[in-house]
Every structure is written in structure tokens, then in C-alpha cells.
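Undergrad:
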Amino acid sequence: LWFSTILLGLSPQWWSFKHNLHHISTNEIDYDGDIQLFPFIYLWKPQKHQDKWNRRFQHIYFTALYSILQLKWQVDSLLWAWKYKKYDELAGFAIHWAWYIFILPWKIWFFGVLIGGTGTAWVVTSNHQAEFKWDSKKQFVNEPKSESKYKIHDLAAHQIISTRNIYLDTWFGNWACGGLQYQVEHHLFPR
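Written out as C-alpha cells, the structure reads:
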């Protein structure tokens, strides 16, 4: 608890919820919050009524948005802790943000956020963003559309279909990815 809140500014309970939901509904448009970045970034071609004028320019500004990914997660963590009255996490966040605001020079904090967010975004997007997106698991389960029951093997099939590994031939690339280059295995065995 204290490591993640004080040093990282992340709520372990928020992360667990977010991470588990992503693994249960990987790349499902209405359920996986990791791919719901619109109206700023679209990871699939939206329906005409959902499309926005800025989508045609997202290749220009997406790097800037992804560079604040770590900061977005920190804000989401703080809002989660506030909403659910997680006072122990809020105390850790108070120490974390007091350090950043009052002790650390703003240039170090600013560039640290940008470097950390960009590094995280590179690792996460390289093995997540080229994956197929679908409306529901029903699209690949051999059952009539009216049924919504899933068999136990569907979770494994879902993870394999919705995930891909990336090959890195350098030790630094492997180290920087921290094992997340093996997304198929990570999604099958998320712990």
C-alpha cells in the first residue's frame, strides 16, 4: 500500500480493479477502459455518428497525450480513493504530492512525468494497440447471438485472440518491457 501510494502515486485497489477488468474483457469496446480513449484517440474506426473531427489529426498529437499516461493514472487513483473513502491511500497520496509540489523542483517533476508516461505508453501500446477490437465476446463464441453464457474455455480463447506478443532482440528492450512483451502469457496468467 505505502509503496504504491507514496512512491508511485497509484492506488493498489484502483489498479487491481482496472487491471482485472481489462483482463476479463480485453479489447471489448464497451468494457475495457484501456481502449476507451475517445474522443481524443480512436483505436478503431468509429461509427459515423461517433466520429469526431479531430480523429484525422490524432497521429500528430497522440504522443503528447500518451506522455501524460502516468499522470492520468495517478489522478484516476486519487479520484478512486476519494470516491471510496480510502483514507489510508489518501494519506499516502498526500505524502506523494507534498513531495512533488513542495520539495522536488518542478522541472524534474515535469520531465519525470513525461519520461515515465512516454516509457509506459511505448511498452503498453506496442503490444496492445494493434489488437482486434470487438463489441462483445459473442463475436467469437460459437453460440447464437441471443445467448450470453460463456464456457470456461472462452476466457482462454478470448485472451489468445485479443493479445499478441512482441519480439525484442536486445537486452535493453526486454528489460524496459519488464515481461510485458509476453502479453499472451500475461493475459492468460495475469499474476
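Residues 21 to 211 (our numbering) make up the sequence shown, in order. We put the CB at the ideal spot given by N, CA and C, even for glycine.
Go through the region 80-153 residue by residue and report every complete run of the alpha helix (DSSP H) that reaches 4 residues or more, in order.
TA: Listed in chain order, the complete alpha helix (DSSP H) runs (minimum 4 residues) inside the region 80-153 are 89-103, 107-118 and 126-148.
Undergrad: What number of angstroms, rounded off, separates the C-alpha of residue 192 from the C-alpha of residue 140?
TA: The residue given as residue 192 occupies position 172 in the sequence shown. The residue given as residue 140 occupies position 120 in the sequence shown. Rounded to the nearest angstrom, the two C-alpha atoms are 15 Å apart.
Undergrad: For the candidate residues 45, 41, 44 and 78, whose alpha-carbon lies nearest to that of residue 57?
TA: Position 37 of the sequence shown holds residue 57. For the residues 45, 41, 44 and 78, the minimum Cα distance to residue 57 belongs to 78.
Undergrad: Can you give me the start and stop residues for the alpha helix (DSSP H) that residue 34 sits inside?
TA: In the sequence shown, the residue the question calls residue 34 occupies position 14. From DSSP, the alpha helix (DSSP H) with residue 34 extends over 32-44.
Undergrad: Tell me, please, whether the region 68-76 touches the region 110-123 by the rule of three or more beta-carbon pairs shorter than 8 Å.
TA: No, because fewer than three Cβ pairs between the region 68-76 and the region 110-123 fall closer than 8 Å, the two stretches do not touch.
Undergrad: For a test of the three-state rule: what should DSSP assign to residue 68, helix, strand or coil?
TA: As a first step, residue 68 must be located in the sequence shown, where it is residue number 48. Helix, per DSSP.
Undergrad: Tell me which same chain residues have a C-beta within less than 7 Å of the C-beta of residue 26, skipping the five on either side of it?
TA: Locating residue 26 in the sequence shown gives position 6, where the first residue counts as 1. Result list for residue 26: 112, 115 and 116, in chain order.
Undergrad: In the DSSP assignment, find the unbroken alpha helix (DSSP H) run with residue 203 in it and report its ends.
TA: Start at 1 with the first residue of the sequence shown, and residue 203 comes out as number 183. Start and end: 203-208.
Undergrad: Compare the C-alpha of residue 100 against each of 31, 185, 65 and 204 and name the closest.
TA: Numbered from its first residue, the sequence shown carries residue 100 at position 80. Ranking the options by Cα distance to residue 100, first place goes to 31.
Undergrad: Can you tell me whether residue 168 is helix, strand or coil according to DSSP?
TA: Counted from its first residue, the sequence shown places residue 168 at position 148. The predicted model places residue 168 with a pLDDT of 46, which falls under 50 and marks its position as unreliable; any figure quoted below should be read in that light. Coil.
Undergrad: Going by beta-carbon coordinates alone, are residue 74 and residue 182 separated by less than 8 Å?
TA: Working through the sequence shown from its first residue, we reach residue 74 at position 54. Working through the sequence shown from its first residue, we reach residue 182 at position 162. Taking 8 Å as the Cβ cut-off, residue 74 and residue 182 do not qualify as a contacting pair.
Undergrad: Leaving out five residues before and five after residue 21 in sequence, what residues of the same chain have Cβ atoms less than 8 Å from its Cβ?
TA: On the sequence shown, residue 21 is found 1 positions in, with the first residue counted as 1. The residues are 32, 108, 109 and 112.
Undergrad: Please report how far the alpha carbon of residue 198 lies from the alpha carbon of residue 185, in whole angstroms.
TA: For the purposes of this step, residue 198 is identified with residue 178 of the sequence shown, where counting begins at 1. For the purposes of this step, residue 185 is identified with residue 165 of the sequence shown, where counting begins at 1. Spanning the two alpha carbons is a distance of roughly 13 Å.
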